[in-house]
Amino acid sequence: MAAIAPVSTTDLLDLIKKSNLLPTARLLALPGPESLSVDPRQAAGALIQKNFLTKFQSTQLLAGRYKGFRIGPYVIQDLLGRGGMGAVYLGEHLELNRKVALKVLAPVRGEAQQLATERFLREARAAAALDHPNIVRVFDVARHNETPYLVMEFVDGETLQETLDRDGSVPPEVAAEYVSQAASGLQHAHERGFIHRDIKPANLIRDRFGVVKVLDMGLARSGSDEDKLTEVLDRGAVVGTADFISPEQAINCPNIDGRADIYSLGATLFTLLAGKTPFDGNTTQKLMQHQMKDVPPLAGLKPDLPTGLTEVVARMLAKKAADRYPTAAEVIAALVPWAGHSSHVVAGLSRTKIGQSADRQSVLGGWSSSGSSQRIRLVPLGTEPSDSGELDFSDTGKATIALSGAETARSRTPAPVSVPVRTVPADPLLVPVPVPRAGRGTMALVAGLAFAMLVAGVLIGWLAFGR
Ligand SMILES: Nc1ncnc2c1ncn2[C@@H]1O[C@H](COP(=O)(O)OP(=O)(O)OP(=O)(O)O)[C@@H](O)[C@H]1O
C-alpha cells in the first residue's frame, strides 16, 4: 500500500505512535496537537528541536513512511550510506542509548541472498577476531524479520573517498598519516592471518578525532581451516576493486598474502596524493594495467611532492609482491618522515605485535631497534638516520612519536576508543551457506568473465598501452 503523507499534525502524531520509534517514556512526554503548529511540517520541525525526532525520521514520517524504524533493539536515526549489499543506518539502542552503525542486507532473491548472508557472516567473523583502534569493530550479527543485519561501531566522520570527492587530493603529510593508520590496522589483521582484499579510500573512514579505521572486512579471508572452505568456494571469483586491485588479485592468484593489501594501500596513497587513481580506462583495461603497465610517476602529476614519499608509493605499488614492503609495519616505518607526529599511529601500533613484543628486534625484521623494551626506533632500511622515528609506549596512556633531526618530540594522549567490544558469538544466528561467491558491484568480478576479457584484451592492451 502506498504511503499516505500526514495532512495534519494529528496525523503526524498518530504516525509517530504507530512507528514505534520512541520509548514509552518519551512517547508519554510527546506534546499534543494543541501545543504544536497545525502545519505538520512545522510541527515536525519543533519535534526535531525538542529531540523527539531526527531529521531523517521526520522526512520519512512526512512522506507517510512509519514502518522499519525499529531493527531489533535499535531505533533507526539516520541513513549513513548505501553500499553494494544494502544500506548502513545510524541506530540507537532503545534502552542503552548507545549509537551503532547497522548494516542491513537489502532483500534479494534466491542464491544472491545466500551469498550476501555468507558475506555478512564472513565480515562478522573477521571483524570479531580483530580488536584494533584502526579497524571498525563488529559487535553482533542478527536477523530482524528474516533480514540479516550487522551491528558495528559507529564512526562519526567520513570516508577518505568522501574527503577526496570534496577536496580533490590530500596534503602529503596528512595522506601519509592516514595511510600509516590504515597500515597499523592491516598489520594487526595480517598478524592474525586476515587479508582485507579490498582496501580503497571508500573503505577507510576517519572519525572526528582524526582516527582512520578500516571498514568492510566482508572480503577478508583468514588462513584458518574453516575459511579454507570459503577459499575453495571463492575460487573462480576475482575479488577487489579495479582501481586499487593488486596484480595478483587481478589474475585471481589463489595464494595472495598481506602484500596484496599493501599494493591496494599504495594505490590508495597514490590517489590521495594525486587526486586521481593510478590508471584510467574501463574495468578490463584497469586490470590489465595493474598487471603490465608501470604506474605513472607521481612526480609528473604532482611535482611538489617529496621525492622520498613518491618512492614509498612506487615500492608499495611494485608489480611483484616480493618487491613491495614485506609488512604493513614496514610501510609505517617508511612513512615516518612524513606521518611522524601522529599519536593515532602509535596507539594503533601498540595493539600490534610490534607494540607488544619485548623482542621487537625480531618483530621489526629489517628495522633497527634500540632503547628499553618500551621504546622502539624505526629506521626504514636504506634511509639516513635523520629519517628515523621513535615510538614510545612507555608511560601510562602517553604515546610519543619523535622524529630525529630538526623535528622535536611531541607527546599526546592517544584518543580513547570508547565503544565497548561485544564479540560475535561463535555460533551466530545465521547459518553459512556453501555457495560460490559471485560478483557484487565493484567488489567481485567473475573469473570466467575476467579471464575471458583478459585473454581477449591482451593484444589490444599491448597495442593500446604498450609498456
Ligand atoms: N561503521 C560505520 N560508521 C559510519 N558510517 C559507516 C559505517 N559503515 C559504513 N558507513 C557508511 O555507509 C557507507 C556504505 O557502507 P558499505 O560498507 O555498505 O559500502 P561500500 O563499502 O561502499 O559497499 P560495498 O559493500 O559494495 O563495498 C559508507 O560509505 C560509509 O559512508
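All residue numbers for the sequence shown refer to UniProt numbering, where the first residue is 1 and numbers rise by one.
Just so you know, even glycine gets a beta-carbon here, dropped at the ideal spot from N, CA and C.
On a predicted model such as this, the values are computed, not experimentally measured, just so you know.
Tell me, to the nearest whole angstrom, how far the beta carbon of Met316 is from that of Gly266; I am working on the premise that it is less than 8 Å.
Their Cβ separation, rounded to whole angstroms, is 3 Å, which keeps Met316 and Gly266 in contact under 8 Å.
Checking 7 Å against the spacing of the C-beta atoms, do Val75 and Leu47 come in under that value?
Their beta carbons are not under 7 Å apart, which means Val75 does not touch Leu47 by this criterion.
Thinking C-beta only, is Gly64 closer than 7 Å to Ala3?
Their beta carbons are under 7 Å apart, which means Ala3 touches Gly64 by this criterion.
Using only the alpha-carbon positions, how far apart do Lys302 and Ala274 sit?
If I take the Cα positions, the gap works out to 6 Å.
Run the proximity test for Gly84: is its beta-carbon closer than 6 Å to any non-hydrogen atom belonging to ligand 1?
Yes, the Cβ of Gly84 comes within 6 Å of a heavy atom of ligand 1.
Does the distance from the C-beta atom of Arg208 to that of Asp156 stay below 7 Å?
Yes, the pair counts as a contact, with Cβ atoms nearer than the cut-off.
Report the three-state DSSP secondary structure of Val104 (helix, strand or coil).
DSSP places Val104 in strand when its eight states are reduced to three.
Measuring alpha carbon to alpha carbon, tell me which of Glu34, Arg143, Leu150 and Ala142 ends up nearest Tyr89.
It is Leu150.
Near Thr310, which residues of its chain fall below 6 Å by C-beta distance, leaving aside the five closest residues on each side in sequence?
Taken in chain order, the residues that qualify are Leu298 and Ala299.
Taking C-beta to C-beta, are Val108 and Ala124 nearer than 7 Å?
Not closer than 7 Å, so no.
My understanding is that Thr59 touches Leu36, with C-beta atoms under 8 Å, so please give their C-beta distance in whole angstroms.
Not really, about 18 Å apart at Cβ, beyond 8 Å.
Any idea if Asp280 is buried or exposed, counting beta-carbon neighbours within 10 angstroms, 16 or more meaning buried?
Under this definition Asp280 is an exposed residue.
Use the C-beta contact count for Leu15: other C-beta atoms within 10 angstroms, 16 or more gives buried, fewer gives exposed.
With 16 or more Cβ atoms within 10 Å of its Cβ, Leu15 is classed as buried.
Report yes or no: do the region 345-355 and the region 179-194 share at least 3 C-beta pairs separated by less than 8 Å?
Yes: at least three Cβ pairs fall under 8 Å.
Check for me: the alpha helix (DSSP H) holding Pro40 runs from which residue to which?
Pro40 -> alpha helix (DSSP H) spans Pro40 to Gln49.
Taking its Cβ as the centre, do 16 or more other Cβ atoms sit within 10 Å of Thr352, making it buried, or is it exposed?
Thr352 comes out buried.
If you check the beta carbons only, do Gln161 and Ala202 fall under 7 Å apart?
Against a cut-off of 7 Å, the Cβ pair of Ala202 and Gln161 comes out as a contact.
What does the alpha-carbon distance come out to for the pair Leu53 and Ile205?
Each residue's alpha carbon lies about 27 Å from the other.
Locate the alpha helix (DSSP H) running through Val212, then write down its first and last residues.
No alpha helix (DSSP H) contains Val212, which is instead part of the beta strand (DSSP E) from Val212 to Val214.
Can you give me the C-alpha to C-alpha distance between Gln113 and Gly83, rounded to a whole angstrom?
Spanning the two alpha carbons is a distance of roughly 15 Å.
Could you check the C-alpha separation between Pro6 and Glu111 for me, to the nearest Å?
Rounded to whole angstroms, Pro6 to Glu111 spans 39 Å at the Cα level.
How would you write the range of the beta strand (DSSP E) that Met217 sits in, first residue to last?
Counting along the chain, Met217 falls outside any beta strand (DSSP E), and DSSP gives it neither H nor E.
Report the three-state DSSP secondary structure of Glu95 (helix, strand or coil).
Glu95 falls in the coil class under three-state DSSP.
Under 7 Å, do Ile195 and Ser264 count as touching if we go by C-beta distance?
Against a cut-off of 7 Å, the Cβ pair of Ser264 and Ile195 comes out as no contact.
Identify whether His188 lies in helix, strand or coil by the three-state DSSP scheme.
Helix at His188.
Which full runs of the alpha helix (DSSP H) of 4+ residues lie inside the region 251-309, going along the chain?
The qualifying runs are 258-274, 283-292 and 298-301.
Who are the Cβ neighbours of Thr283 in its own chain at under 6 Å, not counting the five residues just before and after it?
Correct list, in chain order: Ala242.
Check whether the Cβ of Met288 lies closer than 6 Å to any heavy atom of ligand 1, and answer yes or no.
Incorrect: Met288 has no Cβ contact closer than 6 Å to ligand 1.
Taking the DSSP output, what are the residues bridged to Leu204?
According to DSSP, Leu204 bridges with Val214.
Contact defined as beta carbons within less than 8 Å: I believe Lys319 pairs with Pro247. What is the distance between those atoms, to the nearest angstrom?
Between Pro247 and Lys319 the Cβ distance is about 5 Å, and since that is below 8 Å, they are a contact.
I'd like the list of long-range same chain contacts for Ile135, defined as Cβ closer than 8 Å, with 5 residues on each side in sequence excluded.
Closer than 8 Å at Cβ, skipping near neighbours: Ala127, Gly185, His188, Ala189, Lys213, Val214 and Met217.
Let's test the definition: count the other Cβ atoms within 10 Å of the Cβ of Gly258 and tell me whether it reaches 16, buried, or not, exposed.
With 16 or more Cβ atoms within 10 Å of its Cβ, Gly258 is classed as buried.
So is Asp140 buried or exposed if we call it buried at 16+ other beta carbons inside 10 Å?
Asp140 should be labelled buried.
Considering only residues of the same chain and omitting the five flanking positions on each side of Lys18, which have a CB-CB separation below 8 Å?
Once the five neighbours on either side are set aside, the close Cβ partners of Lys18 are Tyr66.
So which of Glu153, Asp323 and Arg41 has the shortest CA-CA distance to Leu80?
The shortest Cα separation from Leu80 among Glu153, Asp323 and Arg41 belongs to Glu153.
Go ahead and label Thr159 buried or exposed: buried means 16 or more other beta carbons lie within 10 angstroms of its beta carbon, across all protein chains shown.
The residue in question, Thr159, is buried, as its Cβ has 16 or more Cβ neighbours within 10 Å.
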